[in-house]
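Reviewing the structure listed below.
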Amino acid sequence: MQVKRKIYKSFQCEKMRHSLRARLSFLVVAVLILAIEIYIAAFVKGGFVRHYLGDVLVTVMLYAFGRAIFKTTPKILAFEIFVFSLFIEILQYFKVLEILDIHNLIIRIVFGGTFDVSDIACYALGCLLAYLTDAICFLQKYKSPKI
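If you read the sequence shown in our numbering, its first letter stands for residue 25, the second for the next number, and so on.
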């Protein structure tokens with residue numbers, strides 16, 4: 025139990041040092057989720073998957089890209105991604121793309137279409153799921169001391 029606490033505390037508080045293998049794993053996860061997101065955007069026209077699951081997955085994808093690229097604590101990364109997602113949603117609320125008369129398809133896809141309060145809940149859930157999955161996988165890796 026003492027070992028788990030120490031590992032968990034280091035997971036939470038210190039900057040994580042990633043091996044190349046860990047970074048590549050996060051990159052693969054991020055690219056797979058990106059492929060799923062592209063499929064959802066191209067072929068799913070409505071419903072739960074398009075309106076809710078896609079928002080959860082996009083924050084998980086950003087978290088995975090963040091873990092592959094940056095050396096920051098997982099908790100801070102999850103928070104930063106939530107704030108970034110919230111910022112995008114606020115820009116949607118104020119219709120910034122329309123005000124700036126931006127018609128670029130890629131920018132419109134990144135920014136999304138309309139403001140929705142439920143998107144914020146989905147972003148929070150996605151960040152929480154990404155962080156908890158990361159923490160659980162990390163703890164499973166160091167589950168018991170090898171004798």
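Idealized CB from N, CA, C, for every residue including glycine.
Query                                                                                          : Result
ILE126 Cβ short of 6 angstroms to the ligand ADP heavy atom set                                : Absent from the structure shown: the ligand ADP. Ligands present: none.
Own chain, CB closer than 8 angstroms to LEU58, minus 5 neighbours either side, in chain order : MET85
Span of the alpha helix (DSSP H), counted from its first residue to its last, around SER49     : 44-67
Chain D within 7 angstroms of ARG45, Cβ atoms only                                             : Among the chains of the structure shown, chain D does not appear; only one protein chain is present.
ILE100 in three-state terms, based on DSSP                                                     : helix
Rounded C-alpha distance that separates ALA92 from SER109                                      : 19 angstroms
Expected contact under 8 angstroms - CB spacing of CYS151 and TYR76 to nearest Å               : Going by Cβ atoms, the distance from CYS151 to TYR76 rounds to 15 angstroms, so no, they are not a contact pair.
Buried versus exposed, by CB contacts within 10 Å (16 or more), TYR147                         : buried
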